[in-house]
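Residue numbers (my numbering): 146 to 973.
Even glycine gets a Cβ: it sits at the ideal position worked out from N, Cα and C.
What you are looking at is a predicted structure, and each value in this text was computed from that prediction instead of being measured.
Have a look at the structure below before the remarks.
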């Protein structure tokens, strides 16, 4: 017979309770085998982890089948890499700035050094070597702007006026006031290339220090630090694709270990402050977490998934989730040990009580991640799989490795329980009193807050800016913001004009269509610079007519156009190679935008689409490519993932809750407290005008998967206590006293783990951690106040058996559970 005080339930939950009790018994009796198995898993995980590569390029975000990404790759193949190092320089202490003769001499030497020494550099362009087209009698001469270095300052100043009169230079190499200038290093590689093309030293391995973009970024910086390039008082600002991708890689390499260590330290500190526990309670959970992280990295290495920005959140997430699982097991184990049960019996009782809730918590957390597999962003769909794997690893290890440690504990345990039991007990008693005295007022208060959050949700927008991913103190962001305000344009949108005919671009009417689109683009405020074949042809035509400004236009005669292009090629011109493919069947209009938000890029592209709708091209078809288009596609995917992913996750978790508790009503009630923290956080973001970027898009799906864990523990205890007492008020009081301390502690631990994100150099990760921590606190409030109030109001477990049951009924007894289990075994 089962003891009356044992809150054992029937059905699936009861069967799972007994299954986990058997698992715990096996793990306790074979602790050495469990330990050896853990060591073997660690070896396998380390072996796989050694194969993992870092990659935060666009290739890691998009699938090969993605149309926008495929168009971008085709553009790279037909033309060249669009990745650059952009060096803006100025000499504020010199009267003539970049056109000071000593400064220009130094820049000329620097340009030559960069050309000779920077690995993977295709072309280095500065004012000292930029292509200059001029008339020479009846001929056209193409040479460097400063072919023969000026002997006097006056000669150089005359060249300044020439340069300012060339639209093709202004905005890209020279600011309109001639106080700032630039060196552009164009690369032969892109971050999407296979690793064998990214190695600098073929025999140097695949470490990040031997790969593009780290190698050229390092060499550029080393050259800039040389004394011979510093003596003229020149200030350098460095930006572009290469420094940005290198900064990502450096942050990834440095912060993965740092965030793991910091999150573990914070979690350990929280555990020591909240629990007066032996070394077991500190080291065993950390062992579970470390092994889970190692196995996750091992899976990534074996499958071929790469570490990118999204992985930065995984160590802290697994630390939070794994330790939270362990806290529930250890809390139940400590309760049993406090009643003087021996270690194996205490383990069996603990796992029989929390094994099923821990399983449901792990499954729902994994579902929260797996819901992101619907994303069209490859990095997100991969994150969904390896994070779910890590969560399940943490669960299995918490019921095997942790149990193995616990079963070998000393016969007489040290004092256990909350270290601050006074304040924690007073807090829990206060929650009991509030729930029993004011359940309807609590429900009304939550309803008001939800209505306010709903209004904020309506204001929420999807947007992001790679520039703002970095904290303001980070060098790349500081330099890029300054460059953004002056010149350059670091974000590209490419319009490809495809004629599908060799030499098809030798058509004046086609060039006039390109000119019209380019003029429309230049009128947009976000555009810093643009380049097309039109710019070069107009320069050629003007030079061909004695530099007469009236001829800075496209010739009407196709034969004249063909002659200009032939003369340009025979004269050694090279700039046109950047905008023409090999057979001259297609040409590119390169538009360089400020590094603005995706919404600004979308507005620009909408304006261009409107122009093309009013003036459809008649002589070529147009394809759009470039990083700017990928940003817009990413924003679209974010919106779709947020809607579809959350719908899938919410539906699956609801189904799991219904099946686990054997009741549609109980499952639905259990989901209400998990809607509250998500709605509150997203609503707050809406009111504060914080947008959903590609990392915050994960907030809802991840948060519900984690937040539901404590709901499951509370709901399972409410049900089991009602099964024992038959009275809802008694069940609420006992459940809050029994589970309330544990879920409070786990929330503190979760918040501590997510607080580790605050030290990241990535502002996007810092804000994500703060929002996730706030969501966990809101989830605790919902579990302690909203869920009990709903249970008291809706009575989901059936009618009461004893009217007005005593609230102060005796709490659950571990010893009674052991007796009940033994009686059940004897009966069997």
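Practice task
Pull up the distance between the alpha-carbon of residue 205 and that of residue 396, whole angstroms please.
Solution key: 16 Å
Practice task
Enumerate in chain order the residues of its own chain whose CB-to-CB distance from residue 950 is below 7 Å, with the five nearest sequence positions on each side excluded.
Solution key: Caution applies to residue 950, whose pLDDT of 45 falls short of 50 and renders its modelled position unreliable; the value that the coordinates give is listed next. If we look at residue 950 and ignore the five residues flanking it on each side, its Cβ neighbours are 870, 871, 872, 874 and 875.
Handout entry: Among 310, 718, 923 and 465, nearest to residue 826 - alpha-carbon criterion
Key = Minimum Cα distance to residue 826 is reached at 923.
Problem - Where residue 351 falls: helix, strand or coil (DSSP) - result: Residue state, collapsed to three classes: coil.
Exercise for the section: Rank 504, 249 and 264 by C-alpha distance to the C-alpha of residue 374 and give the top, closest one. Expected result: When only C-alpha atoms are compared, the closest one is 249.
Practice task
Would you list the one or two residues that DSSP bridges to residue 266?
Solution key: 332
Practice task
Rank 931, 692 and 718 by C-alpha distance to the C-alpha of residue 310 and give the top, closest one.
Solution key: Closest option to residue 310, judged by alpha-carbon separation, among 931, 692 and 718: 692.
Problem - Residue range of the alpha helix (DSSP H) that includes residue 892 - result: For residue 892, the uninterrupted alpha helix (DSSP H) segment begins and ends at 873-900.
Problem - Residues of its chain near residue 500, where Cβ-Cβ distance is below 6 Å and the 5 sequence neighbours each way are ignored - result: 165
Problem - Distance between residue 456 and residue 862 (C-alpha atoms, nearest Å) - result: The straight-line gap separating the alpha-carbon atoms of residue 862 and residue 456 is approximately 35 Å.
Practice task
Use the C-beta contact count for residue 714: other C-beta atoms within 10 angstroms, 16 or more gives buried, fewer gives exposed.
Solution key: Per the 10 Å Cβ criterion, exposed.
Handout entry: Spatial distance of residue 322 from residue 846 (CA atoms)
Key = 50 Å
Exercise for the section: Sort 211, 673, 721 and 731 by Cα distance to residue 746 and report the nearest one. Expected result: Residue 673 holds the alpha-carbon nearest to the alpha-carbon of residue 746 among 211, 673, 721 and 731.
Handout entry: CB of residue 279 within 9 Å of CB of residue 286, strictly
Key = yes
Practice task
Using the Cα positions of residue 562 and residue 853, report the straight-line distance between them to the nearest angstrom.
Solution key: Low confidence applies here, because residue 562 scores a pLDDT of 46, under 50, leaving its location unreliable and the question unanswered by this model.
Practice task
Locate the alpha helix (DSSP H) running through residue 626, then write down its first and last residues.
Solution key: 620-629
Practice task
Evaluate residue 121 with the Cβ neighbour count: other Cβ atoms within 10 Å of its Cβ, from every protein chain shown; 16 or more gives buried, anything less gives exposed.
Solution key: Since the first residue of the chain shown is 146 and the last is 973, residue 121 is not available in this structure.
Handout entry: Terminal residues of the beta strand (DSSP E) in which residue 289 lies
Key = 284-289
Exercise for the section: Compute the Euclidean distance between the alpha carbons of residue 591 and residue 461, then round it to the nearest angstrom. Expected result: 30 Å
Practice task
Following the continuous beta strand (DSSP E) through residue 230, name the residue where it begins and the one where it ends.
Solution key: 229-235
Practice task
Grab me the residues of residue 129's own chain with a C-beta within less than 8 Å of its C-beta, minus the 5 sequence neighbours each way, in chain order.
Solution key: With the chain covering only 146 through 973, there is no way to say anything about residue 129.
Practice task
Taking 9 Å as the cut-off, decide whether the C-beta atoms of residue 849 and residue 895 are in contact.
Solution key: no
Practice task
Let me know the secondary structure DSSP gives residue 211 once reduced to three states.
Solution key: coil
Exercise for the section: With DSSP as the reference, label residue 699 as helix, strand or coil. Expected result: Coil at residue 699, not helix or strand.
Exercise for the section: Give the DSSP-derived three-state secondary structure of residue 769 in the structure shown. Expected result: strand
Handout entry: Sufficient close CB pairs (3 or more, under 8 Å) joining the segment 531-541 to the segment 436-449
Key = yes
Problem - Residue burial classification, residue 209 (beta-carbon count within 10 angstroms, cutoff 16) - result: exposed
Problem - Buried versus exposed call for residue 699 [16 or more other C-beta atoms within 10 Å across all chains shown] - result: buried
Handout entry: DSSP state of residue 675 mapped onto helix, strand, coil
Key = strand
Handout entry: Start and end residues, alpha helix (DSSP H) containing residue 341
Key = 340-343
Practice task
Using only alpha-carbon positions, find the residue among 792, 750 and 350 that is nearest to residue 772.
Solution key: Among 792, 750 and 350, the Cα nearest to that of residue 772 belongs to 750.
Problem - Three-state secondary structure (DSSP) of residue 647 - result: coil
Practice task
May I have the straight-line CA-CA distance separating residue 817 from residue 799, to the nearest angstrom?
Solution key: 10 Å
Exercise for the section: Would you list the residues sitting across from residue 737 in a DSSP beta bridge? Expected result: 637 and 674
Practice task
With distances taken Cα to Cα, identify the nearest neighbour of residue 237 among 162, 342 and 380.
Solution key: Nearest of 162, 342 and 380 to residue 237, Cα basis: 380.
Exercise for the section: Could you please give me the residues that DSSP links to residue 381 through a beta bridge? Expected result: 234
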